[in-house]
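Engineer:
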Amino acid sequence: MFARFLKDESGATAIEYGLIAAGISVAIATVVGTVGSELVNTFENVEDGLTGG
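With the numbering used here as the guide, the letters of the sequence shown map in order to residues 318 to 370.
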């Protein structure tokens with residue numbers, strides 16, 4: 318029974334796709350966080366320029 322369980326690969330593809338999706342999500346979150354903080358800095362610089370600060 319245990320040997321049959323080890324040979325069963327029916328859910329392996331779904332798990333692989335889930336891991337790929339999780340990796341892509343982490344990459345997107347990292348990029349958005351980095352770009353977001355740079356964008357905040359840019360708008361703060363524009364605000365300082367407009368207000369004379």
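Just so you know, even glycine gets a beta-carbon here, dropped at the ideal spot from N, CA and C. Computed from a predicted model, the values in this text were never measured in an experiment.
Taking DSSP as the reference, what is the three-state secondary structure of Gly350?
Structural biologist: Position 33 of the sequence shown, counted from the first residue, corresponds to residue 350. Gly350 falls in the helix class under three-state DSSP.
Engineer: Whole angstroms is fine: what's the gap from Thr347's alpha carbon to Glu355's?
Structural biologist: In the sequence shown, counting from the first residue as 1, residue 347 sits at position 30. In the sequence shown, counting from the first residue as 1, residue 355 sits at position 38. Cα-Cα distance, rounded: 13 Å.
Engineer: Can you give the Cα-Cα distance for Tyr334 and Glu361, rounded to whole angstroms?
Structural biologist: By one-based count along the sequence shown, residue 334 stands at place 17. By one-based count along the sequence shown, residue 361 stands at place 44. Cα-Cα distance, rounded: 40 Å.
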